[in-house]
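One structure is given here, and the rest of the page talks about it.
Number of protein chains: 2
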Amino acid sequence: MKLTLEEICEKLHQNDYKITPQRQIILKIFLENAEQHLSAEEVYAIVRDINPDVGLATVYRTLDLLAELEILQKVNFGDGKSRYEFSDLEVHHHHHLICVKCGKVTEFDDDQLETLEKNIAQKSNFKIIDHQLKFFGYCSNCQT
Amino acid sequence: MKLTLEEICEKLHQNDYKITPQRQIILKIFLENAEQHLSAEEVYAIVRDINPDVGLATVYRTLDLLAELEILQKVNFGDGKSRYEFSDLEVHHHHHLICVKCGKVTEFDDDQLETLEKNIAQKSNFKIIDHQLKFFGYCSNCQT
DNA sequence: TTTCATGCAAAGGTTTTGCATACGC
DNA sequence: GCGTATGCAAAACCTTTGCATGAAA
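As given, the protein sequences belong to chains A and B, one line each in that order.
Read in order, the letters of the first sequence correspond to residues 899 to 1042 in our numbering.
Read in order, the letters of the second sequence correspond to residues 899 to 1042 in our numbering.
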């Protein structure tokens, strides 16, 4: 299920954060690019097309805030910058295929990790709250 | 199975890289700290205890080289710096439990991902060469 | 009106690079 | 001796922070 802009604003409200135009712009960007993994700089570029007065620091602060509230999820694909994606709570079991040649990132869903997760929690006395699974390899275009 | 210093030097040799004292020092550090996930800065600190004349850039270049040759593996735990660990080829199925409170990283082994990996390769036409699995949660000390 | 958010510029931290020198082979 | 590796310092990045101003509630 996808959260709407209204529901997210509600969540901000509940946590005593203000609904500023800047925050709304950034939220809309993620709502409209749900399948992407945007970096701060990329978000900044899109933001500036909408309102050139927004500062980069605000983008960083907003991304931090949204990740804190678990609206976005911070991910790292090893390209030196953090990336953010919509944290679709129901599709928690969504992972990444990263092409080591062209860098393309595609996604796949799977819930097979459930049992593994329970196993580990039991064996190691670790209380697991999240997981990340990444596969590295060659995408269909780069296999030649 | 663990690679020995000799076997690694052999691999360097095969790829026309020179065996320098700096490279040997760094290799020894990883051989003697196989269970750790050292950052460049941490490696640098240990290197300087052995030979204070080694430069930080050399550490970075050597880590890059060793990762390129798949002797080390570059990993990222979200603390802003890259970390490196010995890439134990036979224990490819070794993953990380990261405590979100104290930051402690522990490891576990598992090969259940095999079948999942095959599944994905088939479904998505992706040729998988590696994977990374991370679990985030609370370690036994931080569960109170 | 009060408090939090923003913009700007500066600083911080990690990693990379240019270049002259030194060293492995 | 040839060509790569190194050390140093500077630069290149990405990200965070201080502070005065501006705007949300």
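Just so it is clear, CB atoms sit at the ideal spot from N, CA and C, and this is done for glycine as well.
Residues that DSSP places opposite residue i in a beta bridge
| i | result |
| --- | --- |
| B:K1032 | A:Q1030 and B:H994 |
| B:E983 | B:Q971 |
| A:S937 | A:R981 |
Under the three-state DSSP convention, the category residue i falls into
| i | result |
| --- | --- |
| B:K1025 | strand |
| B:V952 | coil |
| B:Q917 | Note that residue 917 of chain B is Ile in the sequence shown here, rather than Gln. In the structure shown, B:I917 sits in coil (DSSP, three-state: anything other than H, G, I, E or B). |
| A:N931 | coil |
| B:K999 | coil |
| A:Q1041 | coil |
Host alpha helix (DSSP H) of residue i (start-end)
| i | result |
| --- | --- |
| B:E1005 | Taken as a continuous stretch (DSSP letters only), B:E1005 belongs to no alpha helix (DSSP H), being part of the beta strand (DSSP E) at V1003 to D1007. |
| A:Q1010 | From DSSP, A:Q1010 is part of no alpha helix (DSSP H); its letter is neither H nor E. |
| A:C907 | L903 to Q912 |
Classification of residue i by the beta-carbon crowding that lies within 10 angstroms, buried from 16 upward
| i | result |
| --- | --- |
| A:H993 | buried |
| B:I1027 | exposed |
| A:R981 | buried |
| B:R875 | Any property of residue 875 of chain B remains undetermined from this structure, which presents chain B solely from 899 to 1042. |
| B:L903 | exposed |
| A:G1035 | buried |
| B:I948 | exposed |
| A:H1029 | buried |
| B:C1000 | exposed |
| A:E983 | buried |
| B:L936 | buried |
Short CB-CB distance (under 8 Å) between residue i and chain B
| i | result |
| --- | --- |
| A:H1029 | yes |
| A:G976 | yes |
| A:S937 | no |
| A:F1024 | yes |
is_contact[residue i, chain A] using C-beta, thresh 8 Å
| i | result |
| --- | --- |
| B:I1018 | yes |
| B:Y1036 | yes |
| B:T1004 | yes |
| B:D1008 | yes |
| B:E1015 | yes |
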